[in-house]
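Chemist: Here the sequence shown stands for residues 19 to 312, numbered as in our numbering.
A virtual CB, placed ideally from N, CA and C, is assigned to each residue, including glycine.
Being a predicted model, the structure only gives us computed values, none of them experimental.
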Amino acid sequence: MARKFNSWRQLQTVLYVAECGSYRAAASALGITSSTVARHIDSISEEIGQPIFLPFENRWELTDVGRELLSIAEKTELSLGIMLQNVENTDGFSGAVRLSTLSFVSSQYLSKSLATWRSENPNAGLSIEETDDARAVERGEADVALRLTRPDSPGISRFKVANCRFGIFTPNGGDPSQWISYAMSLADLPEVQLASTHFGCEPVLRLESLSAIINASLASRMSCIVPTCLALDHPELKPVLQDGVHVSVNRELWFLFYETRKNDLAINAARDWVKSVFPSPNACLCGRCSGIES
Numbered sequence: 019m020a021r022k023f024n025s026w027r028q029l030q031t032v033l034y035v036a037e038c039g040s041y042r043a044a045a046s047a048l049g050i051t052s053s054t055v056a057r058h059i060d061s062i063s064e065e066i067g068q069p070i071f072l073p074f075e076n077r078w079e080l081t082d083v084g085r086e087l088l089s090i091a092e093k094t095e096l097s098l099g100i101m102l103q104n105v106e107n108t109d110g111f112s113g114a115v116r117l118s119t120l121s122f123v124s125s126q127y128l129s130k131s132l133a134t135w136r137s138e139n140p141n142a143g144l145s146i147e148e149t150d151d152a153r154a155v156e157r158g159e160a161d162v163a164l165r166l167t168r169p170d171s172p173g174i175s176r177f178k179v180a181n182c183r184f185g186i187f188t189p190n191g192g193d194p195s196q197w198i199s200y201a202m203s204l205a206d207l208p209e210v211q212l213a214s215t216h217f218g219c220e221p222v223l224r225l226e227s228l229s230a231i232i233n234a235s236l237a238s239r240m241s242c243i244v245p246t247c248l249a250l251d252h253p254e255l256k257p258v259l260q261d262g263v264h265v266s267v268n269r270e271l272w273f274l275f276y277e278t279r280k281n282d283l284a285i286n287a288a289r290d291w292v293k294s295v296f297p298s299p300n301a302c303l304c305g306r307c308s309g310i311e312s
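Right, here's the structure in full:
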């Protein structure tokens with residue numbers, strides 16, 4: 019009787035266990051449970067009639083038949099990647115993408131580039147959720163995310179999209195000793211920590227969005243810390259200097275997705291579009307701010 023495997027997912031599990039050395043690490047990278055990894059491996063071993071992994075010290079090592087299977091899995095992965103790339107290049111993407119990002123990234127940059135998305139993906143849907151939640155991808159609530167924090171979660175791939183410098187600004191004739199900050203839940207952000215150290219006191223006001231903070235700063239004449247590219251749109255906001263240098267901190271915008279979906283057409287479509295939105299990974303989001311290239 020011919021032997022068969024139930025899915026590519028099982029062969030992919032072999033790849034990850036061989037690379038990671040443990041079921042737990044492979045499960046984390048794949049975004050599944052350790053019991054599912056074990057079930058995949060046991061199913062293939064039962065189908066072949068021989069074990070493909072054996073325990074050795076603190077890791078799982080491939081048997082001879084396991085190494086043969088690994089070679090097949092690697093060739094299959096390569097062939098699938100080429101096939102998906104060809105499909106992408108010829109037919110275009112016609113599915114849907116769920117993207118999670120910060121509200122100002124969506125309103126100031128992504129929303130203004132939707133014509134490009136529609137032109138490149140005329141048959142595709144796009145849903146953008148504006149949220150500060152950094153784990154939308156990990157929980158399966160988004161296909162991709164744009165975040166100002168470099169992720170270190172197992173199984174999450176990323177690439178840098180742009181820089182984003184946050185600086186302290188005061189309106190003309192404003193109060194340089196009083197300031198406006200974000201919600202208490204965001205108190206650990208580098209820019210908030212910088213402002214707390216600079217002012218040496220608690221903020222007078224806390225607001226949820228950057229646009230609200232800027233509007234409140236202009237209305238109250240109190241200082242604020244916001245992205246320099248947003249402050250450029252408000253000439254009355256003047257940078258606060260210390261020893262002749264703007265008090266500021268650089269953040270980085272990262273594109274996140276699950277490593278297991280690196281050949282997914284939805285991920286590729288979102289990646290190509292996002293790269294077209296921002297000028298360079300080493301420049302500011304807006305491409306206008308100077309002095310932050312890294």
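Would Ala-234 and Ile-198 qualify as a contact pair, given that the criterion is a beta-carbon distance under 8 Å?
Modeler: The sequence position of residue 234 within the sequence shown is 216, counting from 1. The sequence position of residue 198 within the sequence shown is 180, counting from 1. For the 8 Å CB-CB criterion, Ala-234 and Ile-198 form a contact.
Chemist: As an exercise, report each continuous alpha helix (DSSP H) stretch of at least 4 residues that is fully enclosed by the stretch 146-233, in chain order.
Modeler: 208-217
Chemist: Pairs of beta-carbons, one from the stretch 177-185 and one from the stretch 300-309, closer than 8 Å: are there three or more?
Modeler: yes
Chemist: Between the Cα of Gly-67 and the Cα atoms of Leu-87, Ser-124, Ile-186, which residue gives the shortest distance?
Modeler: Position 49 of the sequence shown, counted from the first residue, corresponds to residue 67. That would be Leu-87, whose Cα lies nearest to the Cα of Gly-67.
Chemist: Pull the bridge partners of Tyr-127 from the DSSP assignment, please.
Modeler: Mapped onto the sequence shown, residue 127 falls at position 109. Looking at the DSSP assignment, Tyr-127 forms no beta bridge with any residue, so it has no partner.
Chemist: Given a cut-off of 8 Å on the beta-carbon distance, is the pair Ile-285 and Ser-241 in contact?
Modeler: In the sequence shown, counting from the first residue as 1, residue 285 sits at position 267. In the sequence shown, counting from the first residue as 1, residue 241 sits at position 223. Not in contact: Ile-285 and Ser-241 (Cβ atoms no closer than 8 Å).
Chemist: Can you give me the C-alpha to C-alpha distance between Ile-243 and Gly-218, rounded to a whole angstrom?
Modeler: The residue you call residue 243 lines up with position 225 of the sequence shown. The residue you call residue 218 lines up with position 200 of the sequence shown. Distance between the alpha carbons of Ile-243 and Gly-218: 14 Å.
Chemist: Using the three-state DSSP reduction, which class does Ser-121 fall into: helix, strand or coil?
Modeler: As a position in the sequence shown, residue 121 is number 103, starting the count at 1. In this structure, DSSP gives Ser-121 a helical state, which the three-state scheme calls helix.
Chemist: Indicate whether Gly-173 and Tyr-276 have their beta-carbon atoms separated by less than 8 Å.
Modeler: As a first step, residue 173 is located in the sequence shown; it is residue number 155 there, counting from the start. As a first step, residue 276 is located in the sequence shown; it is residue number 258 there, counting from the start. Yes.
Chemist: Under the rule that 16 or more other beta-carbon atoms within 10 Å means buried, what is Arg-269, buried or exposed?
Modeler: The residue labelled residue 269 in the question sits at position 251 within the sequence shown. Result: buried.
Chemist: Residue range of the alpha helix (DSSP H) that Thr-52 falls in?
Modeler: Position 34 of the sequence shown, counted from the start, is the residue given in the question as residue 52. Sequence inspection shows Ser at residue 52; the Thr mentioned does not correspond to that position. Element bounds for Ser-52: 52-66.
Chemist: With 16 other CB atoms within 10 Å as the buried threshold, where does Val-263 fall?
Modeler: By 1-based counting over the sequence shown, the position of residue 263 is 245. Val-263 comes out exposed.
Chemist: So, are the CB atoms of Val-267 and Leu-164 less than 8 Å apart?
Modeler: As a working mapping, residue 267 is identified with position 249 in the sequence shown. As a working mapping, residue 164 is identified with position 146 in the sequence shown. No, they are not a contact pair.
Chemist: At the level of alpha carbons, what is the spacing between Thr-149 and Thr-81?
Modeler: Numbered from 1 along the sequence shown, position 131 holds the residue referred to as residue 149. Numbered from 1 along the sequence shown, position 63 holds the residue referred to as residue 81. Going by the C-alpha atoms only, they are around 47 Å apart.
Chemist: For Asn-286, does the three-state DSSP call read helix, strand or coil?
Modeler: Position 268 of the sequence shown holds residue 286. In the structure shown, Asn-286 sits in a helix (DSSP, three-state: H, G or I).
Chemist: If you drop the 5 nearest sequence neighbours on each side, which residues of the same chain put their C-beta closer than 6 Å to that of Thr-108?
Modeler: On the sequence shown, position 90 is the one that residue 108 refers to. The predicted position of Thr-108 is uncertain, since its pLDDT is 47 and thus under 50; no value can be drawn from it.
Chemist: Excluding five sequence neighbours on each side, which residues of the same chain lie with their C-beta closer than 8 Å to the C-beta of Lys-256?
Modeler: Numbered from its first residue, the sequence shown carries residue 256 at position 238. Phe-187, Thr-188, Pro-189, Asn-190.
Chemist: Relative to the alpha-carbon of His-252, which residue among Trp-272, Ala-288, Leu-259, Ile-231 has its alpha-carbon at the smallest distance?
Modeler: Within the sequence shown, the letter at position 234 stands for residue 252. Among Trp-272, Ala-288, Leu-259, Ile-231, the Cα nearest to that of His-252 is on Ile-231.
Chemist: Excluding sequence positions up to five away, which residues of its chain have a Cβ less than 8 Å from the Cβ of Ala-152?
Modeler: Taking the first residue of the sequence shown as 1, we reach residue 152 at position 134. Cβ within range, chain order: Ala-163, Arg-165, Thr-167, Pro-169.
Chemist: The beta strand (DSSP E) with Leu-29 in it runs from where to where?
Modeler: Locating residue 29 in the sequence shown gives position 11, counting from the first residue. Premise fails: Leu-29 lies in the alpha helix (DSSP H), 26-38, not in any beta strand (DSSP E).
Chemist: Going along the chain, which residues of its own chain have a beta-carbon closer than 6 Å to the beta-carbon of Glu-159, five neighbours each way excluded?
Modeler: In the sequence shown, the residue the question calls residue 159 occupies position 141. Excluding sequence neighbours, Glu-159 sits near nothing in its chain.
Chemist: What would DSSP say about Thr-108, mapped onto helix, strand or coil?
Modeler: Stepping through the sequence shown from its first residue, residue 108 is reached at position 90. Only weak support exists for where Thr-108 lies, its pLDDT of 47 falling under 50; the value from the coordinates is given anyway. For Thr-108, the three-state secondary structure derived from DSSP is helix.
Chemist: What is the rounded straight-line gap between the Cα of Val-313 and the Cα of Phe-74?
Modeler: Only positions 19 to 312 of the chain appear in this structure, which leaves residue 313 out of reach.
Chemist: Between Arg-176 and Leu-72, which are expected to be in contact by the criterion C-beta below 8 Å, what is the C-beta distance as a whole number of angstroms?
Modeler: Within the sequence shown, numbered from 1, the residue matching residue 176 stands at position 158. Within the sequence shown, numbered from 1, the residue matching residue 72 stands at position 54. The beta-carbon separation of Arg-176 and Leu-72, rounded to 34 Å, does not stay under the 8 Å limit for a contact.
Chemist: If you follow the beta strand (DSSP E) that Leu-255 is in, where does it begin and where does it stop?
Modeler: Along the sequence shown, read from residue 1 onward, the residue named residue 255 stands at position 237. Per DSSP, Leu-255 belongs to the beta strand (DSSP E) from 255-257.
Chemist: Could you check where the alpha helix (DSSP H) with Ser-138 kicks off and where it finishes?
Modeler: Here residue 138 is taken as the residue at index 120 of the sequence shown, counted from 1. Checking the displayed sequence, the identity of residue 138 turns out to be Glu instead of Ser. Looking at the DSSP string, the run of the alpha helix (DSSP H) that includes Glu-138 is 132-138.
Chemist: Evaluate Ser-129 with the Cβ neighbour count: other Cβ atoms within 10 Å of its Cβ, from every protein chain shown; 16 or more gives buried, anything less gives exposed.
Modeler: In the sequence shown, the residue the question calls residue 129 occupies position 111. It counts as exposed.
Chemist: Which value, in whole angstroms, describes the spacing of the CA atoms of Ala-288 and Ala-43?
Modeler: Stepping through the sequence shown from its first residue, residue 288 is reached at position 270. Stepping through the sequence shown from its first residue, residue 43 is reached at position 25. Rounded to whole angstroms, the gap between the alpha carbons of Ala-288 and Ala-43 is 27 Å.
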